[in-house]
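The sequence shown: position 184 = 184 (our numbering), numbered continuously.
By construction, the Cβ of each residue, glycine as well, lies at the ideal position given by its N, Cα and C atoms.
These numbers were taken from a predicted model, which means no experiment stands behind them.
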Amino acid sequence: MDNDPILSVRELTKCFGGFTAVDRITFSVARGEIFGFLGANGAGKTTAMRMLCGLSYPTSGSGTVAGLDVMTQGEQIKRRIGYMSQRFSLYDDLTVLENIRLYGGIYGLRRREILRRAVGILRRLDFRGEARTLVGRLPLGWKQKLAFSVATLHRPEIVFLDEPTGGVDPVTRRQFWELIYEAAAGGTTVFVTTHYMDEAEYCTRVSIMVDGRIRALGAPAELKRQFAAGSMDEVFRSLARTAQRTE
Ligand code: ATP
Numbered sequence: 001m002d003n004d005p006i007l008s009v010r011e012l013t014k015c016f017g018g019f020t021a022v023d024r025i026t027f028s029v030a031r032g033e034i035f036g037f038l039g040a041n042g043a044g045k046t047t048a049m050r051m052l053c054g055l056s057y058p059t060s061g062s063g064t065v066a067g068l069d070v071m072t073q074g075e076q077i078k079r080r081i082g083y084m085s086q087r088f089s090l091y092d093d094l095t096v097l098e099n100i101r102l103y104g105g106i107y108g109l110r111r112r113e114i115l116r117r118a119v120g121i122l123r124r125l126d127f128r129g130e131a132r133t134l135v136g137r138l139p140l141g142w143k144q145k146l147a148f149s150v151a152t153l154h155r156p157e158i159v160f161l162d163e164p165t166g167g168v169d170p171v172t173r174r175q176f177w178e179l180i181y182e183a184a185a186g187g188t189t190v191f192v193t194t195h196y197m198d199e200a201e202y203c204t205r206v207s208i209m210v211d212g213r214i215r216a217l218g219a220p221a222e223l224k225r226q227f228a229a230g231s232m233d234e235v236f237r238s239l240a241r242t243a244q245r246t247e
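As structure tokens, then:
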């Protein structure tokens with residue numbers, strides 16, 4: 001069972017009226033991978049990710065996430081996974097500790113367990129002096145690190161991160177990636193979208209979407225070989241040039 005992919009979809013499609021936002025994507029993610037989900041603005045990443053997280057139902061296709069059916073078990077998938085949306089998910093008018101407590105409660109953790117994990121998070125993020133700081137007062141990069149810790153508070157098998165480092169300074173981005181590596185080393189599969197091609201290089205494997213379709217899939221080194229490119233940035237740009245959609 002544990003050798004089964006944590007995520008596997010076939011011909012997954014999402015249409016909005018007559019427009020096909022995600023067009024028959026087929027791929028799998030192995031347990032423990034850091035999977036980079038790339039694509040230009042409007043390629044369909046967020047729409048695809050929402051289907052994988054149980055937040056919207058596919059128009060057609062099939063697949064499973066954490067052993068649950070993406071066509072029929074969205075509600076169960078939502079509870080099983082971790083998800084950090086592009087739009088900031090913490091409450092600005094609550095303190096750091098209050099946010100952790102709130103989400104711990106939503107995930108159904110016991111009070112003592114929440115406190116234990118809160119102490120762990122504050123130590124890991126070096127936030128010990130900030131437990132009572134309002135989240136709205138934290139710099140963006142700090143908020144994002146906290147949002148990641150909250151999204152993985154219930155130790156999900158897989159966590160989905162939608163552009164978690166957008167607008168964050170390079171040093172904090174690096175720290176954020178250390179958190180990702182730590183989670184992956186602890187057995188959590190990480191599914192992440194990013195616009196930063198240096199981050200694509202940190203992934204075990206990446207897929208690149210163009211106009212709703214997956215046009216490349218493999219380890220960064222494989223893709224660079226395949227596209228005779230010196231960097232993931234070059235691979236990405238050579239595919240993005242072929243896009244018809246303009247956002
Ligand atoms: P970004 O990086 O800008 O978030 P993306 O790759 O995540 O881009 P999506 O947000 O998935 O792209 O959008 C894919 C396409 O589907 C876009 O053309 C978008 O306008 C369209 N789209 C997304 N959601 C809807 C919707 N609810 N109704 C109609 N069209 C939509």
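Exercise. Mapping DSSP to helix, strand and coil, what is Arg31?
Worked result: Taking the sequence shown and counting its residues from 1, one reaches residue 31 at position 31. Coil, per DSSP.
Problem set entry | Contact under 7 Å by Cβ, Gly63 with Met209 | Within the sequence shown, the letter at position 63 stands for residue 63. Within the sequence shown, the letter at position 209 stands for residue 209. Result no, Cβ atoms of Gly63 and Met209 do not sit closer than 7 Å.
For this session: Would you kindly work out how many angstroms separate the C-alpha atoms of Arg112 and Ile77, rounded to a whole number?
Result: Locating residue 112 in the sequence shown gives position 112, counting from the first residue. Locating residue 77 in the sequence shown gives position 77, counting from the first residue. Arg112 and Ile77: Cα-Cα distance of roughly 26 Å.
For this session: Would you mind working out which of Thr46, Gly167, Thr95 and Leu55 sits nearest Ile81, comparing C-alpha positions?
Result: To locate residue 81, count along the sequence shown from 1; it is residue 81. Among Thr46, Gly167, Thr95 and Leu55, the Cα nearest to that of Ile81 belongs to Leu55.
Exercise. Given that a residue counts as buried once 16 or more other Cβ atoms are within 10 Å of its Cβ, and exposed if not, what is Ala118?
Worked result: In the sequence shown, residue 118 corresponds to position 118, counting from 1. The residue is buried, with at least 16 neighbouring Cβ atoms inside 10 Å.
For this session: Could you check what DSSP says for Gly6 in three-state terms: helix, strand or coil?
Result: Numbered from 1 along the sequence shown, position 6 holds the residue referred to as residue 6. Note that residue 6 is Ile in the sequence shown here, rather than Gly. DSSP places Ile6 in the coil class of the three-state scheme, outside both helix and strand.
Exercise. Which class does Met197 belong to by DSSP, given the choice of helix, strand or coil?
Worked result: Mapped onto the sequence shown, residue 197 falls at position 197. DSSP places Met197 in helix when its eight states are reduced to three.
Exercise. If you follow the beta strand (DSSP E) that Phe160 is part of, which residue opens it and which one closes it?
Worked result: Sequence index remark: in the sequence shown, residue 160 carries index 160 (1-based). Looking at the DSSP string, the run of the beta strand (DSSP E) that includes Phe160 is Ile158 to Asp162.
For this session: Have a look at Gly74, Ile100, Asp4 and Arg24 and flag the residue whose alpha-carbon is nearest the alpha-carbon of Arg10.
Result: Here residue 10 refers to the residue found at position 10 when the sequence shown is read from its first residue. When each option's Cα is compared against that of Arg10, the closest is Arg24.
Exercise. So which of Leu109, Pro139 and Pro170 has the shortest CA-CA distance to Thr152?
Worked result: Numbered from 1 along the sequence shown, position 152 holds the residue referred to as residue 152. By alpha-carbon distance to Thr152, the top candidate from Leu109, Pro139 and Pro170 is Leu109.
For this session: Check Gly187 in the structure and name its three-state DSSP category.
Result: For the purposes of this step, residue 187 is identified with residue 187 of the sequence shown, where counting begins at 1. In this structure, Gly187 counts as coil in the three-state DSSP scheme.
For this session: With DSSP collapsed to three states, give me the class of Tyr83.
Result: Within the sequence shown, the letter at position 83 stands for residue 83. Here Tyr83 sits in strand by DSSP.
For this session: Over the uninterrupted alpha helix (DSSP H) stretch that includes Ser207, give me the two end residues.
Result: Sequence index remark: in the sequence shown, residue 207 carries index 207 (1-based). Where Ser207 is concerned, there is no enclosing alpha helix (DSSP H), although the beta strand (DSSP E) it sits in stretches over Arg205 to Val210.
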